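Heads up: the structure comes next, in structure tokens.
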Amino acid sequence: MANEPRKLRYAIIGAGMAGILAGIKLKERGEAFTIYEKAAKLGGTWRENRYPGLTCDVPAHAYTYSFEPWAEWDAYYSTGAQIQTYFEHVADKYEIMPSIRFGHEVTAAVFDDDTAVWTLTFGNGETAEADVVIAASGVLHHPRLPDIAGLDTFKGPAFHTARWDDTAPIAGARVGLIGCGSTGIQIVTALAGKVDKLVHFQRSPQWVMPVPQFPYTDDERAAFRQDPALIDAIRYNEEYIGAIKRFTDGITDIDGPQMKMIEDACLQNLENSIRDPELKEKLRPNYRAACKRLIYSWNYYEQVQDPTVYVETGGIERIEPAGVRMKDGTFHELDTLVLATGFRADRFIRPAVVTGAGGVSLDDFWAVRPRAHYAMTMPGFPNLFMLNGPTGPVGNFSLIDIAERQWEYIDQLLDQLRSGAARKVEPRAEAFEDYETRRIAAAKTTIFGSGCNSWYLDGEGVPASWPWSYDAFAEAMTKPVLSEFELAA
Ligand code: NA7
């Protein structure tokens, strides 16, 4: 009944960074929650990706929860393996582990309009009820395999980077690598010099921003432990924060001075680093900087010049049992084929079948594109909240920071349910459509919409992102505008 404070039951989907965050925040409030995780381990992205060279392109001390800085990072940019260790440490420290049900993949979620209860069904046949569902199911977790003829005929190991095959021949072997996103580039940095030959199949060259990388010493880690202000000085370093703001200003003002600075820095990096003029031209990007995710790397240009690396820019004709045949007839004989071809970025909580009020289906609601009010809530899907849902800020900054800010916003909507002011909360359809219309119009003018192909684009070619500045996002997250919501008794 409305007006009576209620104790809610929360179901969190996914035990990655965002799901652990939601668990910690709910636990702090003494709330009853369960985290359902499809796998046998927490960590999300950092559990699934184990490829050589995996690092996060956000500095380590900025890629932690704001309330849980960590002194133990090995280097300024950390490895994926160490980030996984961080999340395991946090889940232990905040005693989240007992609340995680591993091996529980949500296959369906159905909302009952009369009772305002969500029923979740899991792959193992079990079901569970919840008053509130927090979808923290991640963004890039459905590997996209390339549509290349003959892929299944390759006789050696061929696998996607998020399904790394530890048994595949790599050291001293002939390795083919398809894809030049952040993943492919990082793999080049790790395999150069360790293989007999690495053929990097490059469809589009990359813009590469030079960044510093350095290890932290034992003394530095000891100092971080003693004085967390030293960590804050890195995390909130003016230069770093300023760079994020300049980056988002550049995204939205594509002919402005910030984007020019980014382009100039990357081009100078190319000029100064690549010695062979032919290779330099192969690596020269032919679209706007930051249109695809900008590569931050301290060693790609060095490693790609290793004699074991060959950058193949011709078109792939087909894959044959012994290797890759190019359109000009050239054949690359290979032992192992690595597919760094990215992810289906339009899936989110799917393939779970989600049914909202009155039988509305999420697939129908997302028929044109995945969309949500300020990337978190959807009309017709009461009491369902997404962390890092569709059209949120993407770019080279921390998704942890984004999730924390989104949580502040969501938590205030949850207060409406907890207090009994409402039994159901969802955005008003008109408020959402107005927001989405403005978002799409602005998104088309961002750098992501400047003419390249990337996972930032939705099926209609519109950037699926927050199209305004980082400051505007931070401001919007401080408080939901309650008049934009249906608060039903
Ligand atoms: P991305 O950034 O989606 O990159 C995928 C790469 O694969 C990209 O270079 C594509 O070329 C290439 N690709 C895809 N299909 C093909 C085919 N058929 N032939 C040749 N090349 C192909 O994925 P990542 O895993 O690198 O990174 C994803 C995000 O994870 C990253 O942005 C960070 O946020 C972390 P294209 O550019 O389309 O020409």
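Offset between the sequence shown (1-based) and our numbering: plus 875.
Note that beta-carbon positions come from the ideal geometry of N, C-alpha and C, so glycine has one too.
On a predicted model such as this, the values are computed, not experimentally measured, just so you know.
1. Closest to proline 934 by CA distance: which of Tyr1345, Tyr1091, Leu1214, Glu912 is it?
2. Pull the bridge partners of threonine 1252 from the DSSP assignment, please.
3. What residue range does the alpha helix (DSSP H) around lysine 1155 cover?
4. Smallest Cα separation from valine 1228: which of Tyr952, Leu1237, Pro1338?
5. For tyrosine 969 versus lysine 902, is the C-beta spacing smaller than 8 Å?
6. Below 6 Å CB to CB, which residues in the same chain sit around phenylalanine 1360 once its five sequence neighbours on both sides are set aside?
7. Does DSSP put arginine 881 in a helix, in a strand, or in coil?
8. Does the beta carbon of alanine 1215 fall short of 7 Å from some heavy atom of the ligand NA7?
9. Taking the Cβ atom as the reference point for each residue, do glutamine 1180 and arginine 1150 lie within a distance shorter than 8 Å?
10. What residue does the beta strand (DSSP E) around valine 1199 start on, and which one ends it?
11. Identify whether phenylalanine 986 lies in helix, strand or coil by the three-state DSSP scheme.
12. Go through its chain and collect everything with a Cβ distance to phenylalanine 1256's Cβ below 8 Å, but skip five positions before and after it.
13. Could you round the C-beta distance between threonine 909 and arginine 976 to whole angstroms and report it? I think they count as a contact, below 8 Å.
14. For threonine 1058, is the beta carbon positioned less than 7 Å from some heavy atom of the ligand NA7?
15. Relative to the C-alpha of threonine 954, which residue among Pro927, Phe942, Lys900 is closest?
16. Quick one: is arginine 904 buried, meaning 16 or more other Cβ sit within 10 Å of its Cβ, or exposed?
17. For the ligand NA7, any of its heavy atoms closer than 7 Å to the Cβ of cysteine 1141?
18. On a CA-only basis, which of Ile1116, Gly1125, Cys1055, Ala907 is nearest arginine 1159? Give me that one, please.
19. Going by the C-beta, is leucine 1169 closer than 7 Å to any heavy atom of the ligand NA7?
20. Under 7 Å: does the beta carbon of phenylalanine 1182 sit that close to some heavy atom of the ligand NA7?
21. What does the alpha-carbon distance come out to for the pair methionine 1201 and glycine 1217?
22. Quick one: does the C-beta of glycine 1054 sit closer than 7 Å to a heavy atom of the ligand NA7?
23. Please name the residue, chosen from Lys900, Ala886, Leu883, that lies closest to glutamine 1281 on a Cα-to-Cα basis.
24. Examine the ligand MG and report whether any of its heavy atoms sits within less than 7 Å of the Cβ of aspartate 1027.
25. Since I believe valine 1083 is in contact with leucine 1052 (beta carbons under 8 Å), could you give me their beta-carbon distance rounded to a whole number of angstroms?
26. Closest to glycine 1267 by C-alpha separation, out of Ser1340, Asp1346, Gln959, Ala937, would be which residue?
27. Please list the segments of the beta strand (DSSP E) lying wholly inside the stretch 1021-1055, counting only runs of 3 or more residues, in order along the chain.
28. Tell me which residues share the same chain as leucine 1262 and place their Cβ nearer than 6 Å to its Cβ, disregarding the 5 neighbours each side in the sequence.
29. What do you get for leucine 1066, buried or exposed, if any count of 16 or more other CB atoms within 10 angstroms of its CB means buried?
30. For a test of your reading of the model: does the CB of isoleucine 1191 fall under 7 Å from any non-hydrogen atom of the ligand NA7? Yes or no.
31. Could you check whether tyrosine 952 and glutamine 1088 sit closer than 8 Å to each other, using their CB atoms as the reference points?
32. Going by beta-carbon coordinates alone, are cysteine 1141 and alanine 1118 separated by less than 8 Å?
33. Can you have a look at methionine 876 and say buried or exposed, based on whether 16 or more other CB atoms are within 10 angstroms of its CB?
34. Regarding phenylalanine 1272 and the ligand NA7, is the C-beta to nearest heavy atom distance less than 7 Å?
35. Could you tell me whether any non-hydrogen atom of the ligand NA7 is closer than 7 Å to the CB of tryptophan 1330?
36. With a 10 Å radius around its C-beta and 16 neighbouring C-beta atoms as the bar for buried, classify lysine 1167 as buried or exposed.
Taking the definition as stated:
1. In the sequence shown, the residue the question calls residue 934 occupies position 59. That would be Tyr1091, whose Cα lies nearest to the Cα of proline 934.
2. Residue mapping note: residue 1252 aligns to position 377 of the sequence shown, counting from 1. Its beta-bridge partners are His1248.
3. Position 280 of the sequence shown, counted from the start, is the residue given in the question as residue 1155. Here the alpha helix (DSSP H) through lysine 1155 covers 1152-1157.
4. As a position in the sequence shown, residue 1228 is number 353, starting the count at 1. Its Cα nearest to that of valine 1228, the residue Leu1237 stands out among Tyr952, Leu1237, Pro1338.
5. In the sequence shown, the residue the question calls residue 969 occupies position 94. In the sequence shown, the residue the question calls residue 902 occupies position 27. Their beta carbons are under 8 Å apart, which means tyrosine 969 touches lysine 902 by this criterion.
6. One-based indexing of the sequence shown puts residue 1360 at position 485. Val1300, Pro1302, listed in sequence order.
7. Taking the first residue of the sequence shown as position 1, residue 881 is located at position 6. Looking at arginine 881 - three-state DSSP - the assignment turns out to be coil, as it is neither helix nor strand.
8. Taking the sequence shown and counting its residues from 1, the one referred to as residue 1215 is at position 340. Correct: alanine 1215 has its Cβ closer than 7 Å to the ligand NA7.
9. Here residue 1180 refers to the residue found at position 305 of the sequence shown. Here residue 1150 refers to the residue found at position 275 of the sequence shown. Yes, Cβ-Cβ distance for glutamine 1180 and arginine 1150 is below 8 Å.
10. Walking along the sequence shown from the start, residue 1199 turns up at place 324. In the DSSP assignment, valine 1199 falls within the unbroken beta strand (DSSP E) covering 1198-1201.
11. Taking the first residue of the sequence shown as 1, we reach residue 986 at position 111. Phenylalanine 986: strand per DSSP, three-state reduction.
12. The count along the sequence shown starts at 1 and reaches residue 1256 at position 381. So the list reads Phe986, Val1229, Gly1231, Ala1232, Val1235, Leu1237, Phe1240, Glu1301, once near-sequence residues are dropped.
13. Start at 1 with the first residue of the sequence shown, and residue 909 comes out as number 34. Start at 1 with the first residue of the sequence shown, and residue 976 comes out as number 101. The pair is a contact, with the Cβ atoms about 6 Å apart (cut-off 8 Å).
14. Within the sequence shown, numbered from 1, the residue matching residue 1058 stands at position 183. Because some heavy atom of the ligand NA7 lies under 7 Å away, the Cβ of threonine 1058 counts as near it: yes.
15. Here the question's residue 954 lines up with position 79 in the sequence shown. If we check each option's Cα against that of threonine 954, Pro927 comes out closest.
16. For the purposes of this step, residue 904 is identified with residue 29 of the sequence shown, where counting begins at 1. Exposed is the call here.
17. In the sequence shown, counting from the first residue as 1, residue 1141 sits at position 266. Cysteine 1141 Cβ: outside cutoff for every heavy atom of the ligand NA7.
18. Your numbering for residue 1159 matches position 284 in the sequence shown. Of the candidates Ile1116, Gly1125, Cys1055, Ala907, the one whose C-alpha sits nearest the C-alpha of arginine 1159 is Cys1055.
19. In the sequence shown, the residue the question calls residue 1169 occupies position 294. No, since every heavy atom of the ligand NA7 falls outside the 7 Å radius drawn around the Cβ of leucine 1169.
20. Start at 1 with the first residue of the sequence shown, and residue 1182 comes out as number 307. Note that residue 1182 corresponds to proline in the displayed sequence, not to phenylalanine. No - the ligand NA7 has no heavy atom lying nearer than 7 Å to the Cβ of proline 1182.
21. Here residue 1201 is taken as the residue at index 326 of the sequence shown, counted from 1. Here residue 1217 is taken as the residue at index 342 of the sequence shown, counted from 1. If you take the alpha carbons of methionine 1201 and glycine 1217, they lie about 21 Å apart.
22. If you number the sequence shown from 1, residue 1054 lands on position 179. Glycine 1054: yes, Cβ under 7 Å from the ligand NA7.
23. For this step, residue 1281 is matched to residue 406 along the sequence shown. Answer by Cα proximity: Lys900.
24. Only the ligand NA7 can be found as ligands here, which leaves the ligand MG out of the picture.
25. Position 177 of the sequence shown, counted from the first residue, corresponds to residue 1052. Position 208 of the sequence shown, counted from the first residue, corresponds to residue 1083. Not quite, the Cβ-Cβ distance comes to about 16 Å (not below 8 Å), so this is no contact.
26. Numbered from its first residue, the sequence shown carries residue 1267 at position 392. The shortest C-alpha separation from glycine 1267 is found at Ser1340.
27. Secondary structure remark: continuous beta strand (DSSP E) runs of at least 3 residues inside the stretch 1021-1055, in chain order: 1033-1035, 1049-1053.
28. Residue 1262 sits at position 387 when you count from the first residue of the sequence shown. The answer, listed in chain order, is Ala893, Ala1011, Ala1278, Gln1281.
29. Residue 1066 sits at position 191 when you count from the first residue of the sequence shown. Leucine 1066 comes out buried.
30. The residue given as residue 1191 occupies position 316 in the sequence shown. Isoleucine 1191 Cβ: within cutoff of the ligand NA7.
31. Looking up residue 1088 in the sequence shown gives position 213. Looking up residue 952 in the sequence shown gives position 77. Yes, the pair counts as a contact, with Cβ atoms nearer than the cut-off.
32. Counting from 1 along the sequence shown, the entry for residue 1141 is found at position 266. Counting from 1 along the sequence shown, the entry for residue 1118 is found at position 243. No, Cβ-Cβ distance for cysteine 1141 and alanine 1118 is not below 8 Å.
33. Residue mapping note: residue 876 aligns to position 1 of the sequence shown, counting from 1. Caution is warranted here: a pLDDT of 48 is assigned to methionine 876, below 50, making its placement in the model unreliable, and the coordinate value is therefore given only provisionally. The residue is exposed, with fewer than 16 neighbouring Cβ atoms inside 10 Å.
34. Start at 1 with the first residue of the sequence shown, and residue 1272 comes out as number 397. The answer is no for phenylalanine 1272.
35. As a first step, residue 1330 must be located in the sequence shown, where it is residue number 455. Yes, the beta carbon of tryptophan 1330 sits closer than 7 Å to at least one heavy atom of the ligand NA7.
36. Within the sequence shown, residue 1167 is the residue found at index 292, counting from 1. Buried, by the Cβ-count rule.
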